[in-house]
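Per the numbering used here, the very first residue in the sequence shown carries number 2; after that it's consecutive. All C-beta atoms, glycine included, are put in the ideal place defined by N, C-alpha and C. To start, the structure itself, in structure tokens.
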Amino acid sequence: MRSLAGLAAIVAAASVFLYLLSTHLPPGPTHAQPDSEGDEEGLKEYRLKFPSDLDELRELAEMLKFYKREHHGYVLLLFCSAYLYKQSFAIPGSSFLNMLAGAIFGPWEGLVLACLLTTVGSTFCFLLSSAFGKRHVVQFFPEKVALLQRKVEENRSSLFFFLLFLRFFPMTPNWFLNITCPVLNIPMPIFFFSVFIGLIPYNFICVRTGSILSEISSLDDIFSWGTLAQLLAIALMALLPGALIKQYSKAHLEVGGMDCNGPSQADTRQDRKRR
Numbered sequence: 002m003r004s005l006a007g008l009a010a011i012v013a014a015a016s017v018f019l020y021l022l023s024t025h026l027p028p029g030p031t032h033a034q035p036d037s038e039g040d041e042e043g044l045k046e047y048r049l050k051f052p053s054d055l056d057e058l059r060e061l062a063e064m065l066k067f068y069k070r071e072h073h074g075y076v077l078l079l080f081c082s083a084y085l086y087k088q089s090f091a092i093p094g095s096s097f098l099n100m101l102a103g104a105i106f107g108p109w110e111g112l113v114l115a116c117l118l119t120t121v122g123s124t125f126c127f128l129l130s131s132a133f134g135k136r137h138v139v140q141f142f143p144e145k146v147a148l149l150q151r152k153v154e155e156n157r158s159s160l161f162f163f164l165l166f167l168r169f170f171p172m173t174p175n176w177f178l179n180i181t182c183p184v185l186n187i188p189m190p191i192f193f194f195s196v197f198i199g200l201i202p203y204n205f206i207c208v209r210t211g212s213i214l215s216e217i218s219s220l221d222d223i224f225s226w227g228t229l230a231q232l233l234a235i236a237l238m239a240l241l242p243g244a245l246i247k248q249y250s251k252a253h254l255e256v257g258g259m260d261c262n263g264p265s266q267a268d269t270r271q272d273r274k275r276r
């Protein structure tokens, strides 16, 4: 109970901080005049929230770009706080935030931000799980933890590349890896750099896509040769590292029995027989 109370206190404090930060918007840029009084009132009444679809993402990106003209530091702090909140507490939805990074900060600054925040947020999640959640992770996910434990031991000599493989090919969700690695006694440096390197292709795809979508004003723009060429280049650059890791895994890693949803049915039956 003490561990749950400590975790609840941290979540509550982070939630209050993010709420206060998102509800106390600074004045808009003085040189940007709204089109009408209604637009001005709309800006004052707007409430920030995590985007759940592309329309909300585009609306939020336009608003934050508006504030970024004179309040770059505020927008950066708000974005980093929201991103770390999601990652630290294992809340799904990082793809939308990655696309938002590309739409607000551009493809390269957005990519750097996404990679750093993904890594730092995952590390916070790792530390929270280590301090408060080890017992609960094993209690709620015994079969998945047992499978990962066995695979980690089988690949102990190539542990870093095994973790890279799991990040490139998410056979188990990233949030689950973040909370389970402390249970598996994964060293912090290996965890840190496997997240940073392993999620670069995913972050690159999302950030670059967000950057492109923010510049598209009609369906015709989506099917232009320039946009299609950019999307093809994104796909090729993202697939290359994964292909190399997959080739390495065939020769050096033991990943049989794992699928995209966690343990396979065969492995689950074997675990039950052992018990």
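DSSP state of residue i mapped onto helix, strand, coil
| i | result |
| --- | --- |
| A13 | helix |
| H137 | helix |
| N156 | coil |
| G7 | helix |
| E60 | helix |
| T119 | helix |
| P190 | helix |
| I198 | helix |
| T24 | helix |
| T173 | coil |
| R70 | coil |
| F142 | coil |
Cα-Cα separation between residue i and residue j, rounded to whole angstroms
| i | j | result |
| --- | --- | --- |
| P35 | N175 | Annotation note: pLDDT 44 at P35 (below 50); position unreliable, coordinate value reported separately. If I take the Cα positions, the gap works out to 42 Å. |
| F142 | G111 | 34 Å |
| S95 | A132 | 24 Å |
| F127 | V196 | 11 Å |
| T173 | L167 | 7 Å |
| L77 | K69 | 8 Å |
| E216 | E57 | 15 Å |
| C116 | N204 | 7 Å |
| A10 | F18 | 12 Å |
| S212 | G107 | 6 Å |
| V184 | P27 | 43 Å |
| M64 | H72 | 12 Å |
| I191 | F169 | 15 Å |
| V12 | I206 | 30 Å |
| L61 | S159 | 42 Å |
| Q140 | E155 | 23 Å |
| L21 | L164 | 37 Å |
| P188 | S82 | 26 Å |
| V54 | K145 | A small correction: the amino acid at residue 54 is Asp; Val does not occupy that position in the sequence shown. Rounded to the nearest angstrom, the two C-alpha atoms are 31 Å apart. |
| L49 | M100 | 16 Å |
| F194 | R136 | 25 Å |
Limits of the alpha helix (DSSP H) - the one that residue i falls within
| i | result |
| --- | --- |
| K50 | It is not in any alpha helix (DSSP H) - K50 carries neither H nor E in the DSSP assignment. |
| C182 | Per DSSP, C182 belongs to no alpha helix (DSSP H) and is neither H nor E. |
| H73 | H73 to S89 |
| G211 | I201 to L214 |
| A104 | S95 to F106 |
Proximity below 8 Å, CB of residue i to CB of residue j
| i | j | result |
| --- | --- | --- |
| L114 | A104 | no |
| L149 | T124 | no |
| F97 | P52 | yes |
| L79 | S16 | no |
| Y75 | L118 | no |
| G134 | Q88 | no |
| S130 | N186 | no |
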